[in-house]
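Trainee: Under my numbering, residues 23 to 362 are what the sequence shown spells out, in order.
Every residue, glycine too, gets a C-beta built ideally from N, C-alpha and C.
The structure is given below, and queries will be raised subsequently.
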Amino acid sequence: MKFIRFLLFPFSIIYAIVTSVRNYFFDVGIFKQTTFKKPIIAVGNLSVGGTGKTPQIEYIIKLLKRKHKIGVLSRGYGRKTKGFLQVDATKTAVEVGDEPLQFSIKFTDISVAVDEDRVNGIQQFTNSEIILLDDAFQHRKVKAGFYVLLTKYNELFSNDFVLPTGNLRERRIGVKRADVVVVTKCPTTIDAQEQQDLKQLIRRYFNGQIFFSSIAYAEFLMSNNNSKIKTSELSNYEVLLVTGIANPKPLEKYLSSLNCNFKHVNFPDHHQFSVKEIASLKSDFEALKSDNKIILTTEKDFVRLSDEIENLYYLEIETNFGNQQQEFDDLITNYVKTNL
């Protein structure tokens, strides 16, 4: 695979030129950008998939929703519909995408919508004080007021290259549009020296504030039949793990740390499960030998599978900033206060 990517290097040069020209046209005003009077926070990345945008969006929702009316806008990746759609519990992942549906079900006191035309989508949020844009760092037709750029701990953008040789959607210098960089999915054991080493790599392209976050797993597994299991007791169960996310390895590692006996059935990110695949999963579950067995999935996959599989459990995750939490919170809330 690496050799094939190396052979595609000439295409990466072409891709880099095209995206650079596009960004230049936006920077100098040849391509139009629309600004809005209300605070708009965009969360995104330079690379494709798996940087932790969903838990980061949820973190900001929790931070702001107590005092403000929040609107979340996504393009609804993987949906079979077009145009603007309001998201609520009556919708399906096929109609609106899995992540927007997850936001709507989890936070009933916010507004969630999907629209590939972000300018039009924002204009529909007439009652929202603050708009959060999901995966919108490259959507330059909207000029957000605050950009949060995510990069994975073990795959920093500063060590990567543009597609198809690497995983970057644009050149590394695109990070200069960000207001903050968050290094995501860090181990909880990361120390000050390692943070400093990572900062030096990022500082080659970015001079703003840099934060480090890790993934925290919930204390309980939740299910679609209103039952729950303590996460620390997973070693007592035989588990069929079903995932359709970009990078399931951290979850595998976490379950292994709990001495969990699991069989993993892995699908591509945002996968829409077919009737045949659902039947196969049920068959795999029945084949498990233990009397104490469950099907476990991620929260994002749960919204696509919960109507198809009974007694389905999911493990909720959230972003944890450790001792940088107050500093990050203040940065977001101060931006909002200044721009409301």
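Using CA atoms only, rank isn't needed, just tell me which of T206, D201 and R193 is closest to Y175.
Mentor: When each option's Cα is compared against that of Y175, the closest is T206.
Trainee: From the DSSP secondary-structure annotation, give me the bridge partner or partners of I152.
Mentor: I152 pairs with I92.
Trainee: If the criterion is Cβ atoms closer than 8 angstroms, does the pair F179 and L68 meet it?
Mentor: Cβ atoms of F179 and L68: closer than 8 angstroms.
Trainee: What residue ranges within the segment 207 to 284 form continuous beta strand (DSSP E) runs of no fewer than 3 residues, ordered along the chain?
Mentor: As far as the segment 207 to 284 is concerned, its whole beta strand (DSSP E) runs of at least 3 residues are 231 to 234, 236 to 239, 242 to 245, 250 to 252 and 260 to 265.
Trainee: Using 8 angstroms as the threshold, is the C-beta distance between Q55 and K163 below it?
Mentor: Yes.
Trainee: For N289, collect the residues of the same chain with a Cβ closer than 6 angstroms to its Cβ; drop the 5 residues on either side in sequence, then sort them by chain order.
Mentor: In the sequence under discussion, the amino acid at residue 289 is Phe, which differs from the Asn named in the question. For F289, where only same-chain residues beyond five positions count, the Cβ hits under 6 angstroms are G266.
Trainee: According to DSSP, which residues form a beta bridge with L107?
Mentor: According to DSSP, which records beta bridges pairwise, L107 is partnered with V136.
Trainee: Alpha helix (DSSP H) containing F48: first to last residue?
Mentor: Taken as a continuous stretch (DSSP letters only), the alpha helix (DSSP H) holding F48 covers F31 to V50.
Trainee: Identify whether I331 lies in helix, strand or coil by the three-state DSSP scheme.
Mentor: Looking at I331 - three-state DSSP - the assignment turns out to be coil, as it is neither helix nor strand.
Trainee: May I ask you to report which of helix, strand or coil DSSP gives K304?
Mentor: Three-state result, K304: helix.
Trainee: Does G72 come out as helix, strand or coil in the three-state DSSP assignment?
Mentor: It is coil, neither helix nor strand.
Trainee: If V202 sits next to V65, beta carbons under 8 angstroms apart, how far is it from one beta carbon to the other, in whole angstroms?
Mentor: At roughly 10 angstroms, the Cβ-Cβ gap does not stay under 8 angstroms, so V202 and V65 are not in contact.
Trainee: Work out the CA separation of P61 and A200 for me, nearest whole Å.
Mentor: Distance between the alpha carbons of A200 and P61: 15 angstroms.
Trainee: Taking 8 angstroms as the cut-off, does the segment 73 to 82 touch the segment 147 to 162 (at least 3 CB pairs, one atom from each stretch)?
Mentor: Contact between the segment 147 to 162 and the segment 73 to 82 is present, because at least three Cβ pairs lie under 8 angstroms.
Trainee: Go through its chain and collect everything with a Cβ distance to N189's Cβ below 6 angstroms, but skip five positions before and after it.
Mentor: Cβ neighbours of N189 beyond the five flanking positions: S69, V70 and D182.
Trainee: Report the rounded CA-to-CA distance for R101 versus V118, giving the unit in angstroms.
Mentor: Taking the straight line joining both Cα atoms gives about 5 angstroms.
Trainee: Let me know the secondary structure DSSP gives N176 once reduced to three states.
Mentor: Coil, per DSSP.
Trainee: Keeping to the same chain, check which residues put their C-beta closer than 8 angstroms to that of Y259; ignore five residues upstream and five downstream.
Mentor: The answer, listed in chain order, is I251, C282, N283, S312, N314, K315 and I316.
Trainee: In its own chain, which residues sit with a C-beta less than 6 angstroms from the C-beta of C208, not counting the 5 before and 5 after it?
Mentor: Closer than 6 angstroms at the Cβ level, and outside the excluded window around C208, lie Y175, F234 and S236.
Trainee: Compute the beta-carbon to beta-carbon distance between R97 and V136, rounded to the nearest angstrom, for a pair I have assumed lies under 8 angstroms.
Mentor: So it is a contact: roughly 6 angstroms between Cβ atoms.
Trainee: Taking Cβ to Cβ, would you say I127 is nearer than 8 angstroms to V94?
Mentor: Result no, Cβ atoms of I127 and V94 do not sit closer than 8 angstroms.
Trainee: With a threshold of 6 angstroms on Cβ separation, who are the neighbours of K228 within its own chain once the five nearest residues in sequence on each side are excluded?
Mentor: According to the sequence displayed, residue 228 carries Phe and not Lys. If we look at F228 and ignore the five residues flanking it on each side, its Cβ neighbours are V197 and V203.
Trainee: Which residue from L172, V264, Y99 and F53 puts its Cα closest to that of L18?
Mentor: Residue 18 is absent from the model: the chain starts at 23 and stops at 362.
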